[in-house]
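*Asks:* My questions will all concern the structure given below.
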Amino acid sequence: MAFSDSMTVDLRSDTVTRPTPEMLQAMMRAKTGDDVFGEDPSVNELEAITAAMFGMEEALYCPTGTMSNQTAIRCHTQPGDEVICDKMAHVYMYEGGGIAANSGSQVRAIQGDHGRITARQVAECINPDDVHKARTSLVCLENTSNRGGGSRYDIGEIKKIRTLCDLNHLKLHLDGARLFNAMVAGNESPRQYGELFHTISICLNKGLGCPIGSVLLGPAAFIKRARRVRKVFGGGMRQAGFMAAAGIYALSHHVSRLAEDHWHAGLLAAAWAKKSFVEDILPVETNIVIFRLDPSYPAPELAARLRQGGVLAIAISTQEMRMVTHLDVNPAGVEHVIKVIDSL
Ligand SMILES: *Cc1c(COP(=O)(O)O)cnc(C)c1O
Numbered sequence: 006m007a008f009s010d011s012m013t014v015d016l017r018s019d020t021v022t023r024p025t026p027e028m029l030q031a032m033m034r035a036k037t038g039d040d041v042f043g044e045d046p047s048v049n050e051l052e053a054i055t056a057a058m059f060g061m062e063e064a065l066y067c068p069t070g071t072m073s074n075q076t077a078i079r080c081h082t083q084p085g086d087e088v089i090c091d092k093m094a095h096v097y098m099y100e101g102g103g104i105a106a107n108s109g110s111q112v113r114a115i116q117g118d119h120g121r122i123t124a125r126q127v128a129e130c131i132n133p134d135d136v137h138k139a140r141t142s143l144v145c146l147e148n149t150s151n152r153g154g155g156s157r158y159d160i161g162e163i164k165k166i167r168t169l170c171d172l173n174h175l176k177l178h179l180d181g182a183r184l185f186n187a188m189v190a191g192n193e194s195p196r197q198y199g200e201l202f203h204t205i206s207i208c209l210n211k212g213l214g215c216p217i218g219s220v221l222l223g224p225a226a227f228i229k230r231a232r233r234v235r236k237v238f239g240g241g242m243r244q245a246g247f248m249a250a251a252g253i254y255a256l257s258h259h260v261s262r263l264a265e266d267h268w269h270a271g272l273l274a275a276a277w278a279k280k281s282f283v284e285d286i287l288p289v290e291t292n293i294v295i296f297r298l299d300p301s302y303p304a305p306e307l308a309a310r311l312r313q314g315g316v317l318a319i320a321i322s323t324q325e326m327r328m329v330t331h332l333d334v335n336p337a338g339v340e341h342v343i344k345v346i347d348s349l
């Protein structure tokens, strides 16, 4: 395989993908209408397809995963409530303080295992019915966990958490920005998740390769309220069908190929494992590789050296680097990155 010296492989995130020619064709052919009037056939189709796929009553197309999550949290909580999630959860760490700003709720953050929390930990964090305490109303899980290095939940643990939620009248929301990665890696079905969660958000703009888009899934009465909140948040879109069509295309063409991204991530981790300045690599379960460097090698410095070799990656802290594989990284790109790693 020949390498071009000018080759750039962007592994900063799986959000950097551009629509394939076939996806663009699907978008250009989309039938559209005003979705705030409920008249966009492509949006309606996407919502119907995803709801059926997960066995959920209804779905709501949102511009971003952040809006889906924040809308769900707003609908599940009252001001002053407490939301239980992992310390590294996207809803808590990476949504601009949205839980406080949008819902007036506070977070009970748990130190989990690579972004995964257990039923036992959740049980310890549920507040008693006491005026001193915030009312615990919601548990949020993230599968796969972004900051946990693409780690996957054991579905048995999720079942235990759901049972606990039912006993304590709590709602259970899934931030499934990369749920398709988890399902492909674990050979699981959307219906298994639809049965376990009250609400689920999925992203179309990550591994599935769409320019934008997310879908929030849940019971009909919940989605009715969520539609109002989405409007309040400024997310009521008009001819969104052009974007929804990309989502419909991706759901039938870009899901099973995620296994290729996982394979590529494993190859990159193996290359890093050979470097003496790499102290630790988080277990690679899907499409994310996070590793910690020797303190003498600052991560921003490594990012700069990689960039010289045409490889883009993110220093997620002073000592940690992240690489994410995706649709726009092909085998030649992976080979190029490995060559650059080997040369360090
Ligand atoms: C990317 C991401 C989101 C939502 O991101 P948007 O950029 O708002 O679509 C939510 N949760 C996780 C875990 C993510 O990685």
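Whatever position you read off the sequence shown (first residue = 1), add 5 for our numbering. All C-beta atoms in this analysis are idealised placements derived from N, C-alpha and C, irrespective of residue type, glycine included. This one's a predicted model, so the numbers in the text were calculated from it and none came from an experiment.
Are Gly315 and Thr13 close, meaning C-beta to C-beta below 8 Å?
*Replies:* On the sequence shown, position 310 is the one that residue 315 refers to. On the sequence shown, position 8 is the one that residue 13 refers to. For Gly315 and Thr13, yes; Cβs fall inside 8 Å.
*Asks:* Beta-carbon separation of Gly155 and Ile293 under 8 Å?
*Replies:* Taking the first residue of the sequence shown as 1, we reach residue 155 at position 150. Taking the first residue of the sequence shown as 1, we reach residue 293 at position 288. Yes; because the gap between Cβ atoms is below 8 Å, this pair is in contact.
*Asks:* What do you reckon, is the C-beta of His95 under 7 Å from a heavy atom of ligand 1?
*Replies:* As a first step, residue 95 is located in the sequence shown; it is residue number 90 there, counting from the start. Correct: His95 has its Cβ closer than 7 Å to ligand 1.
*Asks:* Can you tell me whether DSSP reads Phe8 as helix, strand or coil?
*Replies:* As a working note, residue 8 is residue 3 in the sequence shown. At Phe8, the pLDDT of 48 sits below 50, so the modelled position is not reliable; the number obtained from the coordinates is stated separately. Residue state, collapsed to three classes: coil.
*Asks:* Taking 7 Å as the cut-off, is the CB of Glu147 close to at least one heavy atom of ligand 3?
*Replies:* Ligand 3 is not among the ligands present in this structure, which contains only ligand 1.
*Asks:* Restricting to Cα atoms, I'd like to know which of Gln324, Asn107 and His267 is closest to Pro305.
*Replies:* For the purposes of this step, residue 305 is identified with residue 300 of the sequence shown, where counting begins at 1. It is Gln324 whose Cα lies nearest to the Cα of Pro305.
*Asks:* Hey, how far is the Cα of Gly223 from the Cα of Ala56?
*Replies:* Here residue 223 refers to the residue found at position 218 when the sequence shown is read from its first residue. Here residue 56 refers to the residue found at position 51 when the sequence shown is read from its first residue. The C-alpha of Gly223 lies about 8 Å from the C-alpha of Ala56.
*Asks:* Can you grab the Cα-Cα spacing for the pair Ser47 / Gly246, in whole Å?
*Replies:* Sequence index remark: in the sequence shown, residue 47 carries index 42 (1-based). Sequence index remark: in the sequence shown, residue 246 carries index 241 (1-based). When rounded, the distance between both Cα atoms is 5 Å.
*Asks:* Tell me whether Asn210 counts as near ligand 1, meaning its Cβ is closer than 7 Å to at least one heavy atom of that ligand.
*Replies:* Position 205 of the sequence shown, counted from the first residue, corresponds to residue 210. Under cutoff, so the answer is yes.
*Asks:* Near Ile166, what residues of its chain come up, given a Cβ to Cβ distance below 6 Å and the 5 sequence neighbours on each side ignored?
*Replies:* Here residue 166 refers to the residue found at position 161 of the sequence shown. Excluding residues within five positions, the ones whose Cβ falls inside 6 Å are Ala124 and Val127.
*Asks:* Mark Arg34 as exposed unless 16 or more other C-beta atoms lie within 10 angstroms of its C-beta, in which case mark it buried.
*Replies:* Position 29 of the sequence shown, counting from 1, holds the residue named residue 34. So Arg34 ends up on the exposed side.
*Asks:* Would you give the residue range spanned by the alpha helix (DSSP H) that Arg230 belongs to?
*Replies:* As a first step, residue 230 is located in the sequence shown; it is residue number 225 there, counting from the start. From DSSP, the alpha helix (DSSP H) with Arg230 extends over Ala225 to Val237.
*Asks:* Considering only their Cβ atoms, is the gap separating Leu263 from Asn335 smaller than 8 Å?
*Replies:* Residue mapping note: residue 335 aligns to position 330 of the sequence shown, counting from 1. Residue mapping note: residue 263 aligns to position 258 of the sequence shown, counting from 1. Contact flag unset, no.
*Asks:* Beta-carbon within less than 7 Å of Ala7's beta-carbon, same chain only, minus the 5 sequence neighbours each way: which residues are those?
*Replies:* The sequence position of residue 7 within the sequence shown is 2, counting from 1. Note that Ala7 scores 44 on pLDDT, short of 50, meaning its location in the model is unreliable; the coordinates nonetheless yield the value given after this. Taken in chain order, the list of residues that qualify is empty.
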